[in-house]
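My numbering numbers the first residue of the sequence shown as 203 and each following residue consecutively.
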Amino acid sequence: MKPSVASYQSIALDIAKRIINEEFSVGAKISGRTLLASQYSVSPETIRKAIAILKEANIVSVSQGKEIIVLSAQQAYHFIEHHKEMVSAYSLRQELEFLLEEKEENDKQFRKIVNEIMRYSDRLKNLVPYNPVDIRVTGGSPIIGRPLQELRLWHNTGATIVAIRRGTELVISPGPNAVLQADDRIVVVGSGDVLQKVTDFVNHGK
Numbered sequence: 203m204k205p206s207v208a209s210y211q212s213i214a215l216d217i218a219k220r221i222i223n224e225e226f227s228v229g230a231k232i233s234g235r236t237l238l239a240s241q242y243s244v245s246p247e248t249i250r251k252a253i254a255i256l257k258e259a260n261i262v263s264v265s266q267g268k269e270i271i272v273l274s275a276q277q278a279y280h281f282i283e284h285h286k287e288m289v290s291a292y293s294l295r296q297e298l299e300f301l302l303e304e305k306e307e308n309d310k311q312f313r314k315i316v317n318e319i320m321r322y323s324d325r326l327k328n329l330v331p332y333n334p335v336d337i338r339v340t341g342g343s344p345i346i347g348r349p350l351q352e353l354r355l356w357h358n359t360g361a362t363i364v365a366i367r368r369g370t371e372l373v374i375s376p377g378p379n380a381v382l383q384a385d386d387r388i389v390v391v392g393s394g395d396v397l398q399k400v401t402d403f404v405n406h407g408k
């Protein structure tokens, strides 16, 4: 969301642009406040504030008779560029705030997932002697692309898959149609030398 600009500031910017575009040339008189107020559909007081900004920036001068005279197109250009920089700085600040909020939300989600993993790990550790083990599926594994039901893991190794970790995703109790991919990590429970049996089966098909 862009910063809101007061109407008199918007008018000051517009007059500066008109000066740059030579609609109001240097040395020329700009229409009086009443006429400008009519052009911009605002009160004379709003025009007074707009002209005061331009005067402070040395873009125009205001005589005792309240005549408005254009002093510098160059200053009008600098005035507009400065405003653009302010808007850009504001936009960057807004984007940074958004990213920080997004990071905070991601951190919360990350902590939630970690807590879930710990909670499930604690449950699994209570299945003594069926302690959970974590095994990586290497790139050359013969089980890649095959559904779990086809692997008959328990029949071949005596182990049961309780979870699959894929990057930051954790699938608890995967269904029989779940398909393993390279670099997945499978969490299994079993007794005895289940780690060696499953490692051999997963990566060598033995």
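Where a beta carbon is used, it is the ideal one built from N, C-alpha and C, also for glycine.
Secondary-structure assignment with DSSP links residue 238 through no beta bridge to anything. DSSP assignment within the stretch 247–334 yields the following whole beta strand (DSSP E) runs of 3 residues or more, N-terminal first: 262–264 and 270–272. A distance of 8 Å or more separates the beta carbons of residue 232 and residue 261. Relative to the Cα of residue 393, the nearest Cα in the group 380, 362 and 338 belongs to 362. CA-to-CA, the gap between residue 343 and residue 318 works out to about 29 Å.
Boundaries of the beta strand (DSSP E) harbouring residue 374: 371–374, taken from the DSSP string.
Counting only residues of its own chain and dropping the five nearest sequence neighbours on each side, residue 250 has a CB closer than 7 Å to the CB of 235. Closest by C-alpha distance to residue 368, out of 219, 355, 382 and 356, is 382. In chain order, 335, 359, 360, 361 and 390 place their CB closer than 7 Å to the CB of residue 396, counting only its own chain and leaving out the 5 sequence neighbours on each side. A direct Cα-to-Cα measurement between residue 268 and residue 237 gives close to 13 Å. Under the DSSP definition of a beta bridge, residue 338 partners with 387.
One alpha carbon belongs to residue 266, the other to residue 272, and they sit about 15 Å apart. Closest in C-alpha terms to residue 379, from the list 402, 405 and 352, comes 352. In this structure, the CA atom of residue 355 is about 25 Å from the CA atom of residue 321.
Per DSSP, the continuous beta strand (DSSP E) segment holding residue 364 begins and ends at 362–368. By the 16-neighbour rule on beta-carbons within 10 angstroms, residue 248 is buried. Taking the CA atoms as reference points, residue 223 sits about 9 Å from residue 275.
337 is the residue among 228, 212, 337 and 371 whose C-alpha sits nearest the C-alpha of residue 404. The secondary-structure analysis by DSSP pairs residue 349 across a beta bridge with 381.
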